[in-house]
Amino acid sequence: MTPRLATDPALLHSQRALHTAAGNREAAAVLAAEVCAALGPWESCLAWATDWDVWENQEDWPRFYAWRGGYNERRSLAAVPGHLFENTEAGELKTFVAHAIECGWDMSLLPICNGSPTGIRIRISHDEWIAIDSTQPVSFAVAAG
806 MTPRLATDPA
816 LLHSQRALHT
826 AAGNREAAAV
836 LAAEVCAALG
846 PWESCLAWAT
856 DWDVWENQED
866 WPRFYAWRGG
876 YNERRSLAAV
886 PGHLFENTEA
896 GELKTFVAHA
906 IECGWDMSLL
916 PICNGSPTGI
926 RIRISHDEWI
936 AIDSTQPVSF
946 AVAAG
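Take 806 as the starting number for the sequence shown in the working numbering and just add one per residue.
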């Protein structure tokens with residue numbers, strides 16, 4: 806069973822955008838930049854992988870574990886499915902999100918500012934959609950193809 810976040814009744818605005826970036830490294834990188842820009846300002850952001858091995862032929866595990874090894878993390882994605890990024894690591898967050906999109910993983914992005922959620926949640930699906938739930942409307946349009 807895929808883990809799910811509890812519903813947050815404060816997130817009154819919801820939008821979903823389709824994409825075709827899975828399996829395409831360049832398009833995934835462009836889309837990841839758009840997704841990360843939609844997060845708005847944040848101090849830390851949890852990137853939580855909730856499902857993988859859906860499109861096994863598109864997954865690049867050696868690249869993922871090389872990236873993860875740069876953080877001295879040797880445990881599997883199943884053992885540690887999330888990574889907490891500080892705002893000084895915004896580029897690394899984009900890299901991780903791009904990898905998830907390219908590989909067809911499900912992921913939730915949960916940004917925090919001043920110790921509290923920022924009012925934005927982003928979900929990425931292996932079914933090639935991005936969902937943004939927020940307290941205020943968020944401008945988001947998919948340009949990646």
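Just so you know, even glycine gets a beta-carbon here, dropped at the ideal spot from N, CA and C.
Determine which residues share a DSSP beta bridge with residue i and list them.
i: S921; result: C918
i: R821; result: A936
i: L810; result: L810 is not bridged to any residue.
i: S881; result: None; S881 has no bridge partner.
I'd like the span of the beta strand (DSSP E) that includes residue i, first residue to last.
i: G845; result: Careful: G845 lies outside any beta strand (DSSP E) and carries neither H nor E.
i: G887; result: 887–891
Alpha carbons only, please: which of the options is nearest the one belonging to residue i?
i: V947; options: R821, G875, W866, D938; result: R821
i: E897; options: R809, L851, H818; result: L851
i: P922; options: I929, E831, D938; result: D938
i: I925; options: T812, L810, L816, A811; result: L816
i: W847; options: G920, H818, E933, S819; result: G920
i: L915; options: A903, A826, I929, R830; result: I929
i: A811; options: S913, P942, T893; result: S913
I'd like to check one pair, residue j with residue i: are the Cβ atoms closer than 8 Å?
i: D911; j: H888; result: no
i: W872; j: E864; result: no
i: S849; j: E891; result: yes
i: R809; j: E907; result: no
i: A842; j: A833; result: no
i: I935; j: H818; result: no
i: A854; j: A905; result: yes
Say yes only if the C-beta of residue i is nearer than 7 Å to one or more non-hydrogen atoms of the ligand FAD, and no if none qualify.
i: P922; result: Looking at this structure, you won't find the ligand FAD or any other ligand, since it has none at all.
Could you give the first and the last residue of the continuous alpha helix (DSSP H) run that contains residue i?
i: E907; result: 895–908
i: G958; result: Limits of the chain in this structure are 806 at one end and 950 at the other, which puts residue 958 out of reach.
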